[in-house]
Amino acid sequence: MNGELELFRTETRDWLESNCPDSMRTPMLPKEVVWGGRNAEYANPDSELWLERMAAKGWTCPQWPGEYGGGGLSPAQAEVLAEELARIRARPALTSFGISMLGPVLLEFGTHEQRLEHLPKIVRGEIRWCQGYSEPGSGSDLASLNTRAELQGDHYIINGSKVWTSYADKADWIFCLVRTDFEAPKHQGISFILFDMAGAGVSTRPIMLISGSSPFCETFFDDVKVPAGNIVGRLNDGWTIAKRLLQHERTMISGFGLAGGQAEGGGASEATVESTAKRYRGDTEKLSDPLLRDRIAQFKIDSEAFALTSRRSAEESAGGGPSHISSLLKYYGCELNKRRCELLLEAAGNRSLGWEGEGFDAGELSLAREWLRSKANSIEGGTAEIQLNVIARRVLDLPDLTGILRGKR
Amino acid sequence: MSVSLRLNEEQQLLRESARGFCREQAPLSLHRKLRDSRDADGFDRGLWRQMVELGWTGMAIPEAYGGYGFGHTGLGLVLEETGRTLVDSPLIATVLLGANAILESGSEAQKEELLPRIAAGELLLAFALDEHIVHDPARVDSTATQGNGGYTLNGGKTFVLDGHVADRIIVIARIDGESDGADGLGLFLVDAAAQGVEITRTIMVDGRNCANIVLNNVAVDADNLLGGSATTPEALDRILDIARIGLSAEMLGSIEEVFERTLDYLRQREQFGVPIGAFQALQHRAAEMYNEIELSKSLVRAALAALDDPASSSARIARLASAAKAKLSEAFFLVSNEGVQMHGGIGMTDEFDIGFFLKRARVAQQFLGDAGFHRDRYATLHSF
Ligand SMILES: Cc1cc2nc3c(=O)[nH]c(=O)nc-3n(C[C@H](O)[C@H](O)[C@H](O)COP(=O)(O)OP(=O)(O)OC[C@H]3O[C@@H](n4cnc5c(N)ncnc54)[C@H](O)[C@@H]3O)c2cc1C
Chain A
1196 MNGELELFRT ETRDWLESNC PDSMRTPMLP KEVVWGGRNA EYANPDSELW
1246 LERMAAKGWT CPQWPGEYGG GGLSPAQAEV LAEELARIRA RPALTSFGIS
1296 MLGPVLLEFG THEQRLEHLP KIVRGEIRWC QGYSEPGSGS DLASLNTRAE
1346 LQGDHYIING SKVWTSYADK ADWIFCLVRT DFEAPKHQGI SFILFDMAGA
1396 GVSTRPIMLI SGSSPFCETF FDDVKVPAGN IVGRLNDGWT IAKRLLQHER
1446 TMISGFGLAG GQAEGGGASE ATVESTAKRY RGDTEKLSDP LLRDRIAQFK
1496 IDSEAFALTS RRSAEESAGG GPSHISSLLK YYGCELNKRR CELLLEAAGN
1546 RSLGWEGEGF DAGELSLARE WLRSKANSIE GGTAEIQLNV IARRVLDLPD
1596 LTGILRGKR
Chain B
44 MSVSLRLNEE QQLLRESARG FCREQAPLSL HRKLRDSRDA DGFDRGLWRQ
94 MVELGWTGMA IPEAYGGYGF GHTGLGLVLE ETGRTLVDSP LIATVLLGAN
144 AILESGSEAQ KEELLPRIAA GELLLAFALD EHIVHDPARV DSTATQGNGG
194 YTLNGGKTFV LDGHVADRII VIARIDGESD GADGLGLFLV DAAAQGVEIT
244 RTIMVDGRNC ANIVLNNVAV DADNLLGGSA TTPEALDRIL DIARIGLSAE
294 MLGSIEEVFE RTLDYLRQRE QFGVPIGAFQ ALQHRAAEMY NEIELSKSLV
344 RAALAALDDP ASSSARIARL ASAAKAKLSE AFFLVSNEGV QMHGGIGMTD
394 EFDIGFFLKR ARVAQQFLGD AGFHRDRYAT LHSF
């Protein structure tokens, strides 16, 4: 083993030992997830302390360069940090779309000034971002979007509306796809622009999900004035950035599939499907329902294979970042998480079917809510069908029917 | 830190050369020829010599016993390639099962005597375990009765790979006086020509070489019991797990081949004025197959790497072996069925090769435990 890396491991372990509060080493509770932002909420005061300490080291974004507030770690060091965090079961100090989606594309496509302005605030959790992609008429066919940005002097004036914008009502800034050329073919007239949600003309209206919570919104832009310098990358070349960001988003969402309990070390959630089934069914050794047992085994094998695939694809791309393989990960990870939720319902029988009130404990009530929420996994970030399209066309190089028919007309 | 799942340069070169060899020296047409000519051996001895010269027989045998110590991943990559063209050879019975049985259970003297001969390609082995219509290592009724300074074997074995060509057969029998269940089993080296050994070759649907073997008061010397005593259940599990992982590697190669052939057909065959691969109904099924194959590949790589990692516990190897065999069995089922379906009528013709993979799939699925067997074992290993 590399001596320097081992030294880094010792130092990291010591630092975590003295800086990670005890309550941050317990399983994450949904209401204690830290999203940061101007109106950040800390249901547990230790969360704020933990974020402050991690951010000071840049370890909320371990591999981002130090000049932008990141940890400046090498991939090998970042892996050591991740291992040490996992060893003490530390909670993530900060969860945000800035970290998982915007930051990586700013590093790739942003100017030095744009990075200096936005990245440190993402690292420290000062600004919370949301994603303005989907519109009422443009979901899977995202490039057909209609939100307009028209240049007036040194500003763009933005009009239109977005939908399904996750946490738009809580976000401070938005990264948004807008049409800046109205004549060009649909993929060639789109720009990627950043703006403050506190500006005049931005409004949001929450939408309730089937699970009973309201994590997303309709978002309206009415003559919103945005400096022209807020466009990332080249004017009308936003589609390139949009697709790249989707790859990061898909890799992030595929992490849901890792909750299914890898063979070793356990996944994110404490209670596995099999332990839940044994507890509710009153089985001590072997699960008494052979069909449920077989399906759980199949699920666990697939989860293990998925975790290995996610590791292998990271090793094989070796720092090259996400690729079309992100579609495989997104698709399979989401299907696995949906399977996990269905199995939990089955495992806990009618105890899993409560909606609210007396008669069910909190864990039981969350089984149903989590199951309902999981149905969105194969819709958000590009639907399951869209991922299969990407694999068929981009990875397997199968012909494009629309293209062929267009050519024949 | 866990072992890398990425192939290193040496491993990639090995795979390339194995692929080239199989493509040129052992194409699918050779498999067809052996079947059509009803070859008595069921494999080509000249080709086998070449494989020996390439070092494939000694790949996973330690250098101390005349091998090359290239590890299980090396042998796994070779098997992946032989799986692509359905090469008929003694690799699985002799090298995967036989050599590892001797390595795991044999005495020092037995290893020194037998392993160099396997590496040199001079000795063919068969591993006679199964007695029932489905794989079940705990259900062995064959007996070994002690007396006259040796043992007398009785029983019947089925689905014995290479049973009809092996020089020696490793017979798994219950030693009298020992408990029933997984312990109390002895691994006996039996000369195929010994008195009382009755071997009937069984022609399988996929051309895999197999035999039924009846043992009728077969006398064996005490020094033909591997290790001199009953084999531990852990050792038997390890032998089987190594073979299951190697077999999974061979299956992976076959799956990749049938998938690539199917993709080529999807790109080239036209109906309704367009390549059929442009139809989304087929595209999505192809994409789903791709996903399953990538997951299968990860399990095979991880299982091979675990075998090569001295730090792996036997529990970890057992879990990965069962996960791999279960997953690969499902994937091969899926991809071999779709392979025929997506070829339409031509896929049903004997003249066309795709059907060979369908046939191989079912035999490989059942050999050493099908998906159901391994999911059950996996659940037990995970205590649920
Ligand atoms: C919980 C949640 C959070 C979200 N958060 C955000 C967010 O923060 N920001 C944001 O911009 N968007 C967000 N979205 C929106 C999401 O990206 C879209 O819902 C998604 O892209 C699908 O678009 P759509 O809803 O218009 O469905 P449609 O595109 O109308 O699809 C309907 C059905 O048709 C299928 N379909 C469509 N086209 C094809 C095709 N070519 N081939 C085969 N099948 C096809 C789809 O797969 C789907 O099954 C979120 C969605 C959810 C559910």
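Protein chains in written order, with the numbering used here: chain A, 1196 to 1604; chain B, 44 to 427. No residue lacks a Cβ here, since even glycine has one placed at the ideal position from N, Cα and C.
Item: Taking its Cβ as the centre, do 16 or more other Cβ atoms sit within 10 Å of PRO1270(A), making it buried, or is it exposed?; Value: exposed
Item: Please report the straight-line C-alpha distance between ARG1439(A) and ILE1369(A), rounded to a whole angstrom.; Value: 17 Å
Item: Please name the residue or residues paired with LYS1324(A) in a DSSP beta bridge.; Value: Looking at the sequence itself, residue 1324(A) is Trp, so the reference to Lys does not match. Its beta-bridge partners are TRP1368(A).
Item: Counting contacts by CB-CB distance shorter than 7 Å, is SER150(B) in contact with chain A?; Value: no
Item: Between ARG359(B) and the rest of its own chain, which residues show a CB-CB distance below 7 Å, the 5 nearest in sequence each way excluded?; Value: ALA349
Item: According to DSSP, is TRP1230(A) part of a helix, a strand, or is it coil?; Value: coil
Item: Under the criterion of a Cβ to heavy atom distance below 6 Å, does ILE1369(A) qualify as lining ligand 1?; Value: no
Item: For ALA422(B), which residues in chain A fall below 9 Å Cβ to Cβ?; Value: GLU1469, LYS1481, LEU1482, ARG1488, ASP1489, ILE1491, ALA1492, LYS1495
Item: Throw me the rounded Cβ distance for the GLY412(B) and LYS368(B) pair, which I believe falls under 8 Å.; Value: 6 Å
Item: So, with DSSP's three-state summary, where would you put GLN1309(A)?; Value: helix
Item: Can you find a heavy atom of ligand 2 that lies under 6 Å from the Cβ of ILE1599(A)?; Value: This structure lacks ligand 2; its bound ligands are ligand 1.
Item: Against LYS370(B), what residues of chain A qualify as contacts under a CB-to-CB distance less than 7 Å, listed in chain order?; Value: ILE1496, ALA1500
Item: CB of TRP1610(A) to nearest heavy atom of ligand 1: below 6 Å?; Value: No statement about residue 1610(A) is possible, as the shown extent of chain A runs from 1196 to 1604 and does not include it.
Item: Below 8 Å, can you find three or more Cβ-Cβ pairs linking the segment 161–180 of chain B to the segment 292–311 of chain B?; Value: no
Item: For PRO1225(A), list the residues DSSP reports as bridge partners.; Value: According to DSSP, which records beta bridges pairwise, PRO1225(A) is partnered with nothing at all.
Item: In chain E, which residues lie with their C-beta within 7 Å of the C-beta of SER341(B)?; Value: Although the question refers to chain E, the structure presented lacks it and instead comprises the protein chains A and B.
Item: Say the cut is 6 Å; is the CB of THR1578(A) nearer than that to a heavy atom of ligand 1?; Value: yes
Item: So what's LYS1473(A) in DSSP terms, helix, strand or just coil?; Value: helix
Item: For the putative contact between ALA136(B) and ALA209(B), defined by C-beta atoms under 8 Å, what is the C-beta separation to the nearest angstrom?; Value: 7 Å
Item: Restricting to Cα atoms, I'd like to know which of VAL1590(A), ASP1217(A), ALA1513(A) is closest to LEU1244(A).; Value: ASP1217(A)
Item: Is DSSP giving ASN267(B) helix, strand or coil here?; Value: helix
Item: Hey, out of GLY1293(A), ARG1319(A), ALA1250(A), THR1342(A), whose CA is closest to LYS1381(A)'s CA?; Value: THR1342(A)
Item: To the nearest angstrom, how far is the alpha carbon of ARG1172(A) from that of ARG1204(A)?; Value: The question about residue 1172(A) has no answer, for chain A in this structure spans 1196 to 1604.
Item: Please find out if some non-hydrogen atom of ligand 1 comes closer than 6 Å to the beta-carbon of GLU1565(A).; Value: no
Item: Give the single residue among VAL240(B), ALA236(B), VAL214(B) whose Cα lies nearest to the Cα of LEU428(B).; Value: In the structure as shown, chain B starts at 44 and stops at 427, and residue 428(B) therefore has no counterpart that could be examined.
Item: Look at the Cβ atom of ARG66(B), then the Cβ atom of ALA1492(A), and state whether they are nearer than 7 Å.; Value: no
Item: For ALA1338(A), would you say it is in contact with chain B, using Cβ-to-Cβ distances shorter than 7 Å as the test?; Value: no
Item: Can you tell which of ILE298(B), GLU165(B), LEU97(B), LEU122(B) has the C-alpha that lies nearest to the C-alpha of PHE375(B)?; Value: ILE298(B)
Item: What are the residues of the segment 1308–1335 of chain A that lie near chain B, defined by any Cβ-Cβ distance shorter than 8 Å?; Value: none
Item: For ALA235(B), which three-state DSSP category applies?; Value: coil
Item: Starting from ASP280(B), trace the alpha helix (DSSP H) in both directions and tell me its first and last residue.; Value: 276–311
Item: Could you check whether the Cβ of TYR1475(A) sits closer than 7 Å to any Cβ belonging to chain B?; Value: no
Item: Quick one: residues in its chain with C-beta nearer than 7 Å to the C-beta of ASP264(B), no 5 flanking neighbours on either side, listed in chain order?; Value: GLY193
Item: Determine the contact status of ARG160(B) and LEU166(B), defining contact as a CB-CB distance below 7 Å.; Value: yes
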